[in-house]
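Report on the structure given below.
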Amino acid sequence: MEARSRSGERGGTGGEYPDVMAPRPASSAYLPGLTRSVYERDHAVITTESRVWCGLPGWTPGKHSGAYLASPQMPGAIFSMVLVRMQPGCEAGAPLPGVERFVFLVEGDVHGKFENVSTPGKTDYRLVPGGDDYAFFPALPHGKHTIEPGANGAVFLMFEQVYRPLIRSGQKPKVVIGNVDAQEMLDPGAPEVFGLRKLLPLSEEFDFNIHIMDFAPGQYLHCNEMHYNQHGMLMLEGQGIYRLRDDKWYHVRAGDAIYMAPYVPQWYAALDPGRTRYILYKDTYRDPLQSGSA
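Per my numbering, the sequence shown runs over residues 1 to 294.
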């Protein structure tokens, strides 16, 4: 049995996000020593020229590299966000015990197998190029899986987090293989006008969700948000202005990553020439008194 997520078409890029790895203008256009990256007590902006690539434990040596964009070393963070490059012949390492994993395909394609404890046997899956495909694997033993790249390699964004079980229920999340365009476009509530899709089920066994947010040039957040949720974000397309705290204004573009700690004031406005799209982690469905935010 093979579970294959549906391909979708996106304007301008054919369903992949080339500016994540090769922004325009190139990072080399900057003066030596100059960066837009910033680290503050309650947020961080990591731009493409500041990525540091390293090996990931348990992954095939010499066939991959990862650049961490957020991790629990940042104040308030209970998750990690890492951009991963896989070469042909690489196999992903398993998450640490108790850790759940979400993978969003940026370039290339990946495939593998997964197991759900409630479903005997292994199921094939594939994340295809141009399809905005993604996969969620629960913490072991409920989401045992493999990840391998296609013939041309792959780039994907990976979120990992220690699973926080429901106190009043024994329900556990199951594997999700999905596609952005297959998810319902949600109403963010007036006066907001941005496009919003949530990639994981809206049910309490999931302790985080991943949002895809789209802004046309000139659109912006009407709410100057300040909440107990934390965020890890990667700009996939476009550019704009992100305000963090009361005095920090950042010009961000495709390829830039942002970490936002709980309660940091946050606001975004999209600039020309095209659509802004970013992917955003948000912890959900847990009481703030239970290890982290809700």
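From the three backbone atoms N, C-alpha and C, an ideal C-beta is built for every residue, glycine too.
inquiry  = Which same chain residues end up closer than 8 Å to residue 254 when comparing Cβ atoms and leaving out the 5 residues on each side of it in sequence?
reply    = Reading the sequence shown from its first residue, position 254 is the one you call residue 254. So the qualifying residues of the chain are 17, 19, 20, 23, 235, 236, 237, 238, 239.
task = Tell me, please, whether the region 211 to 231 touches the region 262 to 281 by the rule of three or more beta-carbon pairs shorter than 8 Å.
result = As far as the Cβ criterion goes, the region 211 to 231 touches the region 262 to 281, which means the pair count is three or higher.
message = Contact between the region 129 to 144 and the region 103 to 120 is defined here as three or more beta-carbon pairs at a separation below 8 Å; is this criterion met?
response = The count of Cβ pairs closer than 8 Å, one atom from the region 129 to 144 and one from the region 103 to 120, reaches three, so the stretches are in contact.
query = Per DSSP, what kind of secondary structure is residue 286 in: helix, strand or coil?
reply = Position 286 of the sequence shown, counted from the first residue, corresponds to residue 286. Looking at residue 286 - three-state DSSP - the assignment turns out to be coil, as it is neither helix nor strand.
query = Just to confirm, are residue 156 and residue 199 a CB contact at a threshold of 7 Å?
reply = What you label residue 156 is simply residue 156 of the sequence shown in a count that begins at 1. What you label residue 199 is simply residue 199 of the sequence shown in a count that begins at 1. Not in contact: residue 156 and residue 199 (Cβ atoms no closer than 7 Å).
task = Whole angstroms is fine: what's the gap from residue 75's alpha carbon to residue 261's?
result = The residue labelled residue 75 in the question sits at position 75 within the sequence shown. The residue labelled residue 261 in the question sits at position 261 within the sequence shown. A direct Cα-Cα distance of roughly 7 Å separates residue 75 from residue 261.
query = Among 288, 138, 259, which has the Cα closest to the Cα of residue 278?
reply = The sequence position of residue 278 within the sequence shown is 278, counting from 1. Proximity to residue 278 across 288, 138, 259 peaks at 259, based on C-alpha coordinates.
inquiry  = Tell me which residues share the same chain as residue 168 and place their Cβ nearer than 7 Å to its Cβ, disregarding the 5 neighbours each side in the sequence.
reply    = On the sequence shown, residue 168 is found 168 positions in, with the first residue counted as 1. Excluding positions up to five away in sequence, the list is empty.
ask   = Can you give the beta carbon distance from residue 79 to residue 159, rounded, assuming they're within the 8 Å contact cut?
value = Position 79 of the sequence shown, counted from the start, is the residue given in the question as residue 79. Position 159 of the sequence shown, counted from the start, is the residue given in the question as residue 159. With 8 Å as the limit, residue 79 and residue 159 qualify as a contact, their Cβ atoms being about 6 Å apart.
message = Let me check one thing: in DSSP terms, what residues is residue 266 bridge-paired to?
response = Position 266 of the sequence shown, counting from 1, holds the residue named residue 266. Per DSSP, 225, 244.
request  = Would you decide whether residue 221 is buried or exposed? Buried here means 16 or more other CB atoms lie within 10 Å of its CB.
outcome  = Position 221 of the sequence shown, counted from the first residue, corresponds to residue 221. Taking a 10 Å sphere around the C-beta of residue 221, we find 16 or more other C-beta atoms and assign the residue as buried.
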